[in-house]
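Below: one structure, written as structure tokens.
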Amino acid sequence: MNVDKDYQQARTDFQTWRQQLQETILRPNSSLMHTYQCYFSQQPDFIQQLSRFALQVAEQLEPLVVENNLDANLPKIEQYNAIGERHDRVIHHPSYVAAGDLIYGSGLMRYLLTPGQMQKTLSLFLLSAHAGEAGHNCPIACSAGVIRILSNYSKLQQTDCYLDKLT
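First residue of the sequence shown: 1, per the UniProt record's numbering; consecutive thereafter.
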């Protein structure tokens, strides 16, 4: 076993994977696009939305996720403010916020407010997951459940406010 050679091969494999990610998330003739075209055959605007978002994932989201995942950019806990009061604040790198803006900006959560639209949410979610968890895909899954409960069962006065913030 040659460790240097193995590391170099791993780097080469990662470079290949990153290049493929740029080129193949949602090709027009791919099985995934075929599936989307079957499910959303009467909704060409949504197919276009998926295509645009796939490009954003490859060109914008993936580089942000890579930057955010660098050790120096991982979330930090600021336990005390400037005068020594405890406040336990989580500090995220700006790339985390920018990644979230792209993911949530796709509109994937808003579709959950309309019955029968979960496939749209999941289709966008699948594309965003090509960039990994990104610090947002797990919270999306959790928020989806909260949105469904609030929109179907909540009698809270603040329901609309909560739904607006979640979507």
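All C-beta atoms in this analysis are idealised placements derived from N, C-alpha and C, irrespective of residue type, glycine included.
Small disclaimer: the values here were computed from a predicted structure and weren't measured.
Buried or exposed by the 16-neighbour rule on C-beta atoms within 10 Å, applied to residue i
i, result
"Ser31", "exposed"
"Gly116", "exposed"
"Val90", "exposed"
"Ala141", "exposed"
"Asn68", "buried"
Residue i - containing beta strand (DSSP E), residue span
i, result
"His34", "Element bounds for His34: not the beta strand (DSSP E) but the alpha helix (DSSP H), Ser31 to Tyr39."
"Glu133", "Per DSSP, Glu133 belongs to no beta strand (DSSP E) and is neither H nor E."
"Glu78", "Lys76 to Tyr80"
Within 8 angstroms, strictly: CB atoms of residue i and residue j
i, j, result
"Ala134", "Ser128", "yes"
"Ile147", "Leu166", "yes"
"Leu64", "Ala99", "yes"
"Ile25", "His130", "yes"
"Arg36", "Leu50", "The question names Arg, but residue 36 is Tyr in the sequence shown. Closer than 8 angstroms, so yes."
Where the alpha helix (DSSP H) through residue i begins and ends
i, result
"Asp101", "Pro94 to Gly105"
"Gln22", "Val3 to Thr24"
"Arg52", "Pro44 to Gln56"
Option in the options with minimal Cα separation from residue i
i, options, result
"Phe53", "Leu163, Gly145, Leu124 and His136", "Leu124"
"Leu113", "Gly145, Leu126 and Gly132", "Gly145"
"Tyr101", "Asn137, Arg86, Asn81 and Glu85", "Here residue 101 is Asp; the residue named in the question, Tyr, does not match the sequence. If we check each option's Cα against that of Asp101, Asn137 comes out closest."
"Pro94", "Phe40, Lys76 and Glu85", "Lys76"
Three-state secondary structure (DSSP) of residue i
i, result
"Lys120", "helix"
"Arg110", "helix"
"Arg86", "strand"
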